[in-house]
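Chains as they are written, first to last, in this note's numbering: chain A, 53 to 395; chain B, 53 to 395; chain C, 53 to 395; chain D, 53 to 395. What follows is one structure encoded as structure tokens, with my remarks underneath.
There are 4 protein chains.
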Amino acid sequence: MKKVRLGIIGAGRIGRVHAQSIKTGIPEAEIEIISDPFPGAAQKAAEEFHIPKYCEDYKEVLADPTINAVLVCTPSKTHAEITIAAARAGKHIFCEKPVEVEIDKILEIKRVIDETGVKMQVGFNRRFDDNFSKINRLARSGDLGEIQIVKITSRDPEPPSMEYAASSGGLFLDMTIHDFDMAYFQAGSEIDEVFAVGAVTVNPDLKKIDDIDTAAIILRFETGALGIIDNCRKSAYGYDQRVEVFGTAGAAEAENVRETNVKISTNEAVCYDKPLFFFLERYMSSFKNEIKAFVDAVLNDTPVPVTVEDGLRPILIAKAANISRKENRPVKISEIRKGHEIG
Amino acid sequence: MKKVRLGIIGAGRIGRVHAQSIKTGIPEAEIEIISDPFPGAAQKAAEEFHIPKYCEDYKEVLADPTINAVLVCTPSKTHAEITIAAARAGKHIFCEKPVEVEIDKILEIKRVIDETGVKMQVGFNRRFDDNFSKINRLARSGDLGEIQIVKITSRDPEPPSMEYAASSGGLFLDMTIHDFDMAYFQAGSEIDEVFAVGAVTVNPDLKKIDDIDTAAIILRFETGALGIIDNCRKSAYGYDQRVEVFGTAGAAEAENVRETNVKISTNEAVCYDKPLFFFLERYMSSFKNEIKAFVDAVLNDTPVPVTVEDGLRPILIAKAANISRKENRPVKISEIRKGHEIG
Amino acid sequence: MKKVRLGIIGAGRIGRVHAQSIKTGIPEAEIEIISDPFPGAAQKAAEEFHIPKYCEDYKEVLADPTINAVLVCTPSKTHAEITIAAARAGKHIFCEKPVEVEIDKILEIKRVIDETGVKMQVGFNRRFDDNFSKINRLARSGDLGEIQIVKITSRDPEPPSMEYAASSGGLFLDMTIHDFDMAYFQAGSEIDEVFAVGAVTVNPDLKKIDDIDTAAIILRFETGALGIIDNCRKSAYGYDQRVEVFGTAGAAEAENVRETNVKISTNEAVCYDKPLFFFLERYMSSFKNEIKAFVDAVLNDTPVPVTVEDGLRPILIAKAANISRKENRPVKISEIRKGHEIG
Amino acid sequence: MKKVRLGIIGAGRIGRVHAQSIKTGIPEAEIEIISDPFPGAAQKAAEEFHIPKYCEDYKEVLADPTINAVLVCTPSKTHAEITIAAARAGKHIFCEKPVEVEIDKILEIKRVIDETGVKMQVGFNRRFDDNFSKINRLARSGDLGEIQIVKITSRDPEPPSMEYAASSGGLFLDMTIHDFDMAYFQAGSEIDEVFAVGAVTVNPDLKKIDDIDTAAIILRFETGALGIIDNCRKSAYGYDQRVEVFGTAGAAEAENVRETNVKISTNEAVCYDKPLFFFLERYMSSFKNEIKAFVDAVLNDTPVPVTVEDGLRPILIAKAANISRKENRPVKISEIRKGHEIG
């Protein structure tokens with residue numbers, strides 16, 4: 053069997069999630085090498101996942117002639133350097149989200165990808181969730197008619213630490229970025245304008261760093277459809293991840309996923325399990341599906357399903373949302389694009 | 053507007069339920085008179101429901117020339133006497149279930165009904181429940197294909213008193229009788245044989261009177277389809293009333309009905325209301341619907357939807373079930389019919 | 053029994069809905085008289101609902117010494133005149149929504165109500181829906197913790213005619229007004245600011261009259277909580293009426309109501325009934341409940357549950373939403389109040 | 053890491069399912085060798101699952117000193133010979149269901165297992181399904197109170213071929229055997245008596261071989277609780293696998309499992325996915341869980357969760373059900389045990 057020979061750059065949580073997926077469910081890929089600058093981390097992962105080679109410096113991965121693709125699973129501030137080096141080394145690239153938060157750096161990455169001709173897929177895994185991809189098929193097939201409203205509910209079970217929050221770029225760049233991608237994905241349309249409102253209802257300390265933990269956002273799509281997103285960093289009942297697409301012929305709505313389908317009836321109420329705890333539980337199969345899609349694109353030389361442009365879009369929207377929230381006005385995406393050489 | 057002029061015989065709970073339904077939702081009927089042998093009961097009901105006349109003796113009702121139909125809402129041991137007298141008085145009859153528990157008496161009623169040509173409808177109200185009548189329409193329309201299995205779950209929220217149980221005729225004649233009718237109604241077929249198993253899991257005192265509070269029953273329909281009923285006199289979560297019809301083209305299942313559709317998500321679980329408390333809450337609209345159907349049959353001179361034969365059938369099955377349980381063997385309905393002159 | 057003696061002013065659809073509710077489920081009220089300027093309308097309703105007196109001129113109703121309360125069910129442009137006259141005539145008032153669209157007229161009504169000391173309840177019936185009132189009890193009891201987000205989905209099965217739309221005051225004053233009241237009711241907080249976005253996705257002709265049929269709205273409550281409303285004038289699957297309240301201790305969500313609980317499983321899918329068709333089906337019991345609450349307030353001399361101030365609030369928000377949509381900016385409610393003498 | 057070294061005997065469908073589970077999710081086990089008498093089958097599986105050794109004769113597996121346990125995945129008529137040989141070779145055994153259909157052979161297996169002291173687990177995988185094991189935890193914890201009724205719905209999406217049916221031992225031994233185990237598992241009680249009724253509603257040809265494709269069964273548990281099972285070989289809407297346990301404190305019910313949680317609302321209805329297609333889809337994780345439990349028992353020298361006795365019980369019940377159906381009478385399990393030396 054023809055296989056994609058992979059290097060994994062970054063042996064943290066998400067790098068290990070991908071290693072696990074590949075070892076247990078993607079026989080078309082073989083992990084040849086893993087790197088991590090943290091001493092011992094790569095070796096430990098190599099042992100756990102039976103990866104033959106490991107190193108600290110990602111450049112060794114790129115220099116490895118046996119591999120033809122890399123998974124970039126490092127902190128996002130290193131993505132530009134690594135993806136550009138990988139592209140120049142002729143390796144196909146799967147890069148975790150966000151690609152970058154600096155628009156110009158994303159544009160530079162895009163130029164290098166275009167020049168070198170390697171494939172680059174960005175890790176918006178939720179597109180590969182079975183629920184959301186079914187909604188997408190329905191929306192794209194015309195079964196729902198013309199799309200009128202896309203509605204996304206996205207609430208986390210637990211807020212991050214203040215340290216994490218402080219370096220996260222804020223709610224919109226850290227958390228809503230997934231929802232901005234989902235909104236585009238389901239509407240099948242570029243976003244024209246965004247209006248974002250924030251509140252602090254969970255952790256008052258966030259006010260000190262001018263961040264928020266609760267948000268309501270309206271999007272206008274270029275088609276004329278409307279988008280609605282609500283976020284909260286803490287939901288008492290766990291991870292709440294719902295998507296609804298309303299069109300002229302009908303609506304499709306993804307309800308939350310729970311561990312079992314057991315209904316318990318007592319003197320008090322009729323109860324079901326809460327939603328699955330957090331993103332690792334809820335989206336595990338989507339992580340596998342996205343790597344599978346990347347491997348297939350490399351093997352068959354077909355386009356990747358999530359491109360660098362797809363990686364750029366949510367950054368633009370998040371930046372617009374930040375301005376919208378701070379200036380309390382709707383902001384056009386074109387306002388953010390201005391001054392950047394975007395093709 | 054042409055109206056049916058009604059007398060109500062019996063001002064107990066069910067008589068008042070019907071009075072309420074008629075006053076608030078059946079303008080085609082007018083209640084002219086109500087009777088009850090218990091001193092003051094008829095007067096009190098007459099005042100509450102604005103009924104012009106009241107009396108103690110049901111014969112006064114039958115003698116009233118202004119009425120053309122009666123609702124017989126007295127204890128079941130009086131049904132034969134009253135319905136026969138009513139038929140001879142030329143009044144159309146709505147009679148609560150069970151018509152009678154003595155087979156020969158039911159047959160006698162039937163003969164008089166046939167002779168006099170009055171209409172007589174029996175109070176199997178559950179057939180008129182919106183859920184169950186929808187299932188019936190699906191089953192009869194052929195949408196479910198050939199019916200293979202009919203499955204009925206019927207559990208009460210609270211057991212009756214020992215006094216009630218002792219005079220009730222036992223679980224099968226008192227409680228399961230509704231389910232036997234439902235099984236016939238949904239299968240669209242006569243029952244050929246019954247096997248019934250009982251247990252005492254709620255009130256051990258029932259053993260003293262050789263009654264049970266828990267049962268599992270298998271029916272064979274003449275079509276070859278199978279029926280399953282389970283009963284319990286006490287369900288911790290309230291009144292459990294479900295019906296499922298499984299056919300070669302699909303299945304239809306009526307879930308329980310609850311007071312609201314509110315979903316509450318907390319740290320513990322995702323919960324809904326319990327089912328509606330008991331038969332008055334659950335079947336209130338079916339009580340109105342059955343009287344409406346009776347009134348329509350009288351007004352338009354069309355056949356009643358639940359006949360004396362329909363009143364007899366569940367009695368036969370219940371008696372077969374009693375023998376089955378006591379002798380621990382399947383019992384054919386024909387065995388019960390034997391020796392009775394049944395047309 | 054002490055009773056409220058009512059006059060109904062207006063024998064159109066909603067006047068008849070209330071007459072029906074009272075006759076069939078509110079024995080504490082007696083309808084003495086009904087008026088309608090359209091020739092024959094009052095007489096027809098009087099016959100149908102057994103109302104002893106009828107007339108064309110509402111002033112005859114107000115002059116009737118036998119009544120102590122009126123239901124104002126006329127077109128909204130007549131509300132100010134009639135409610136003021138009724139208050140001066142010493143009658144308690146139930147007035148359909150919207151009380152008025154002119155802020156100053158509502159304020160004048162309020163002044164007269166305050167002066168005369170009669171009670172006046174406004175017809176925001178949805179507060180009396182069993183689902184939404186259960187959510188409200190949960191929200192007010194603290195069971196959901198601090199309220200963070202209130203989310204309302206409100207979509208009609210069919211758009212109104214262009215004629216109706218043209219005279220309706222636009223989507224926000226005609227349709228969303230109910231949702232603005234619901235948002236306040238569930239959040240338990242005044243609204244500080246609104247941002248509204250509209251689209252025409254159903255009927256392009258609406259553009260000619262600068263109206264919309266699709267909307268997404270964000271509200272900021274004074275508590276810091278956020279509100280989200282989405283509307284559409286046409287939903288393929290029928291009347292979509294959902295409310296969700298998300299708080300620090302949990303969330304409560306009212307799902308749509310359907311005619312039966314029957315689940316049909318076939319080779320294609322597992323299907324349930326669509327939501328109930330439109331507001332008459334969906335909210336019938338809430339119409340009865342609100343009149344019952346008004347009657348109780350009159351009988352027991354207790355405050356009405358929905359006041360003139362409650363009638364004013366959604367008008368202010370709707371006007372703010374209109375400006376927001378047209379000027380594409382968030383609008384504070386205080387901006388609308390400015391210049392009006394509001395207590 | 054200490055590992056269980058496994059041989060797999062039988063490279064057919066279920067052997068490959070287990071190989072897949074182990075390779076992708078049970079790192080505590082290593083498959084060393086696989087055998088299958090069909091030429092090439094073992095080699096093909098060895099290549100697919102990276103198993104180092106393969107052979108045709110199962111005796112080579114048993115002779116392999118590197119392995120300490122075997123999975124017996126051969127046709128059931130070979131189970132006695134292979135499991136006895138494996139036990140004598142000192143290998144722990146996981147054996148697919150049914151262990152055997154001859155009672156005396158199962159007893160012989162049991163004697164050898166007891167003598168040799170190896171562990172033997174029987175493949176009733178459904179006990180390891182997340183839904184059903186949650187119900188079991190609730191039932192055993194006392195949360196449901198005293199168990200009163202256990203109700204199992206089990207319907208296949210497609211009937212087997214006549215060839216398969218003819219050699220299957222009949223519906224009860226082939227299909228219901230799983231449900232008999234589930235009934236015991238959930239009730240937590242031995243079965244005292246069974247009454248079984250069958251029908252042919254799918255494939256009339258079954259009458260020629262005196263088999264059935266539709267069944268309703270009542271069980272009496274020794275505790276006094278009642279059990280109800282219904283089966284059909286063909287369900288239009290796919291694999292229907294539901295279990296309900298009703299106790300004095302509440303009920304737990306496992307609903308069917310579907311591929312997504314997407315709700316589609318159209319002009320016709322509100323629809324969800326059908327249940328997962330068949331046992332491979334529905335029970336895939338339970339197959340992994342049962343092997344994981346076996347591996348854990350071997351590694352930690354703890355008792356296996358499903359014993360040879362557990363393998364015998366459903367055979368006894370199925371044989372009783374066969375007699376019950378043919379003689380149309382309830383049959384005690386003790387009647388079947390009689391004449392066999394059962395401890």
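Quick reminder that beta carbons are idealized off the backbone N, C-alpha and C, glycines included. Since the structure is predicted, the reported quantities are computational estimates derived from the model, not experimental observations.
Span of the beta strand (DSSP E), counted from its first residue to its last, around residue i
i       : result
D398(C) : Outside the shown range of chain C, which is 53 to 395, sits residue 398(C), and nothing can be said about it.
E152(C) : It is not in any beta strand (DSSP E) - E152(C) carries neither H nor E in the DSSP assignment.
R294(A) : D292 to G299
I388(B) : Careful: I388(B) lies outside any beta strand (DSSP E), inside the alpha helix (DSSP H) at I385 to R389.
L196(D) : L196(D) -> no beta strand (DSSP E), and no H or E assigned at all.
E80(B)  : Taken as a continuous stretch (DSSP letters only), E80(B) belongs to no beta strand (DSSP E), as it is neither H nor E.
I60(B)  : V56 to I61
V124(B) : A121 to V124
Classification of residue i by the beta-carbon crowding that lies within 10 angstroms, buried from 16 upward
i       : result
S338(D) : buried
E140(C) : Contrary to the premise, residue 140(C) reads as Arg rather than Glu in this sequence. The residue is exposed, with fewer than 16 neighbouring Cβ atoms inside 10 Å.
A304(C) : buried
S397(B) : With chain B running from 53 to 395 in the structure shown, residue 397(B) is simply not present.
S206(D) : buried
E242(A) : exposed
D282(C) : buried
Where the alpha helix (DSSP H) through residue i begins and ends
i       : result
K206(A) : Just to set this straight, residue 206(A) is Ser in the shown sequence, not Lys. No alpha helix (DSSP H) holds S206(A); the beta strand (DSSP E) holding it covers I199 to R207.
A303(B) : That residue, A303(B), is in no alpha helix (DSSP H); its beta strand (DSSP E) goes G302 to A306.
L114(B) : Y110 to A115
A288(C) : Per DSSP, A288(C) belongs to no alpha helix (DSSP H) and is neither H nor E.
G77(A)  : R65 to G77
I134(B) : H131 to R140
K96(C)  : A93 to E100
Cβ shell of residue i (< 7 Å), same chain only, five flanking positions each side left out
i       : result
R310(C) : Y324, D325, K326, P327 and L328
V297(D) : I187, A191, L196, I199, V202, Q238, A303 and A304
K259(D) : V252
Contacting residues, own chain, Cβ-Cβ under 8 Å from residue i (five flanking each side not counted)
i       : result
V350(A) : V56, N120, A121, H144 and K171
F331(A) : Y291
R365(A) : F232, D233, Y236, E242 and I243
Contact set for residue i: own chain, Cβ-Cβ below 6 Å, skip 5 residues either direction
i       : result
N183(C) : A306
V151(C) : H131, I158, V174 and G363
C284(B) : R207 and T266
F247(C) : I270, S376 and P382
E108(C) : P89
Y289(C) : K326
Exercise. Could you please tell me which residues of the region 187-213 of chain B, in chain order, have their CB closer than 9 Å to any CB of chain C?
Key: I187, L190, D195 and L196
Self-check item: Ranges of the alpha helix (DSSP H) found wholly within the region 218-273 of chain B, counting only runs of at least 4
Solution: DSSP runs (the alpha helix (DSSP H)) wholly in the region 218-273 of chain B: 229-239.
Quiz item: Using Cβ-Cβ distances below 7 Å, what residues of the region 241-263 of chain C are close to chain D?
Solution: Taking 7 Å as the Cβ-Cβ cut-off against chain D, none of the residues of the region 241-263 of chain C qualify.
Quiz item: Residue ranges of each beta strand (DSSP E) run of no fewer than 3 residues wholly in the region 295-368 of chain C, ordered along the chain?
Solution: Runs of the beta strand (DSSP E) lying entirely within the region 295-368 of chain C, each at least 3 residues long, are 302-306, 314-317 and 322-324 in chain order.
Self-check item: Under 9 Å (Cβ pairs) to chain B, residues found in the region 292-310 of chain D
Solution: D292, E296, F298, G299, T300, A301, G302 and A303
Exercise. Please name the residues in the region 325-346 of chain C whose beta-carbon is closer than 9 Å to at least one beta-carbon of chain D, in chain order.
Key: Taking 9 Å as the cut-off between beta carbons, the residues of the region 325-346 of chain C near chain D are D325, K326 and P327, in sequence order.
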